[in-house]
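Structure, as structure tokens:
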Amino acid sequence: AHCSQEDQELVEEVERAFWHTPCSFTPESRLQAHRHLEEQRKAKEADKARKPKPLKTLITAEGRVLNVNEPKLDFSLTEDEDNNRIILDLAVYRHMDTSLMDVDVQPTFARVRVKGKIFQVVLPAEVKPDSSTAQRSQTTGHLVLTMPRAEGEIKVTKAVQRPLRESASSCTTEKNRKNKVSGWLEVDPSKRSSVDITSIIRASPLETSRTGTR
1 AHCSQEDQEL VEEVERAFWH TPCSFTPESR LQAHRHLEEQ RKAKEADKAR KPKPLKTLIT
61 AEGRVLNVNE PKLDFSLTED EDNNRIILDL AVYRHMDTSL MDVDVQPTFA RVRVKGKIFQ
121 VVLPAEVKPD SSTAQRSQTT GHLVLTMPRA EGEIKVTKAV QRPLRESASS CTTEKNRKNK
181 VSGWLEVDPS KRSSVDITSI IRASPLETSR TGTR
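No gaps in the numbering here: position 203 of the sequence shown is 203 in the UniProt record's numbering, and each next residue is one more.
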């Protein structure tokens, strides 16, 4: 309030000086008018800076996390199923100082402050915040978040679905039964051994060699 009062007094003083100047169109008066306009512009900018900006809604009253992209940056969200992790690539400017970024990873969402502006994205699966890492790409300068999935994830679910989809195309009940059994075996990690598959694969060249000798 004190600063706005000073600005107002300055404007009034310049106005009085302007109207009481005998020669209104001298170079001095034009310079004074220019300074007056410049002071008005600065006062308006200072007033805008003092006004608090409305807070952006990040989480609703019902607890639903929202996607927010205040800095308007390009990004990609990739599910790396082979390594059981989720990767967020945020296209921050190559030469932006890392100190201007603040990263916050939660189990269901990731939030990054870029020069005070908030980027927030909802993750497709729960992750481990304590095991997540953030680093700058050496080639692009992008900010890359690597977030391991939480325990017991989609891999098992998808392994079950594959035999079931195959069984849908089978014609006989016997084939369906076999595919379902293989699906249950797929779920148990202790039984996903390559021993049987290896022995089958090795049997093929041996059998072929016997046929050749005959």
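For glycine and all other residues, C-beta sits at the position ideal for the given N, C-alpha and C. Everything numeric in this text was worked out from a predicted model, so none of it was measured.
In DSSP terms, what residue i is bridged to
i    : result
V92  : In DSSP, V92 forms no bridge with anything.
N84  : Partner(s): none; N84 has no beta bridge.
R149 : V127
K117 : V114
L143 : L90, R136
N69  : F119
Classification of residue i by the beta-carbon crowding that lies within 10 angstroms, buried from 16 upward
i           : result
A61         : exposed
residue 215 : With the chain covering 1 to 214 only, the question about residue 215 has no answer from this structure.
H142        : buried
L90         : buried
A49         : exposed
R149        : buried
K42         : exposed
First and last residue of the uninterrupted beta strand (DSSP E) at residue i
i    : result
A76  : What sits at residue 76 in the sequence shown is Ser, not Ala. Counting along the chain, the beta strand (DSSP E) containing S76 begins and ends at 75-80.
Q135 : 133-136
A110 : 109-114
Q106 : Note, Q106: premise wrong, no beta strand (DSSP E); not H, not E.
Own chain partners of residue i with C-beta closer than 6 Å, once the 5 adjacent residues on each side are dropped
i    : result
T133 : T146
I59  : V65
T78  : I87
Q161 : Reliability fails at Q161, whose pLDDT of 42 lies under 50, so the model's placement of it is uncertain and the value that follows must be treated cautiously. Closer than 6 Å at Cβ, skipping near neighbours: no residue.
D97  : none
Whole-number beta carbon distance between residue j and residue i, since they are thought to touch under 8 Å
i    : j    : result
I86  : L123 : 6 Å
A67  : V121 : Here residue 67 turns out to be Asn, not Ala, going by the sequence shown. Right, the Cβ-Cβ distance comes to about 6 Å (below 8 Å), so this counts as a contact.
R113 : M101 : 7 Å
T108 : E126 : 6 Å
K39  : L10  : The amino acid at residue 39 is misidentified as Lys; the sequence shows Glu. At roughly 6 Å, the Cβ-Cβ gap stays under 8 Å, so E39 and L10 are in contact.
Contacting residues, own chain, Cβ-Cβ under 8 Å from residue i (five flanking each side not counted)
i    : result
D80  : I86, I87
F119 : V68, N69, E70, P71, L73, F75, L90, R111, V112, R113
H95  : G141
Same chain, Cβ closer than 7 Å to residue i, neighbours up to 5 away in sequence not counted
i    : result
Q106 : P129
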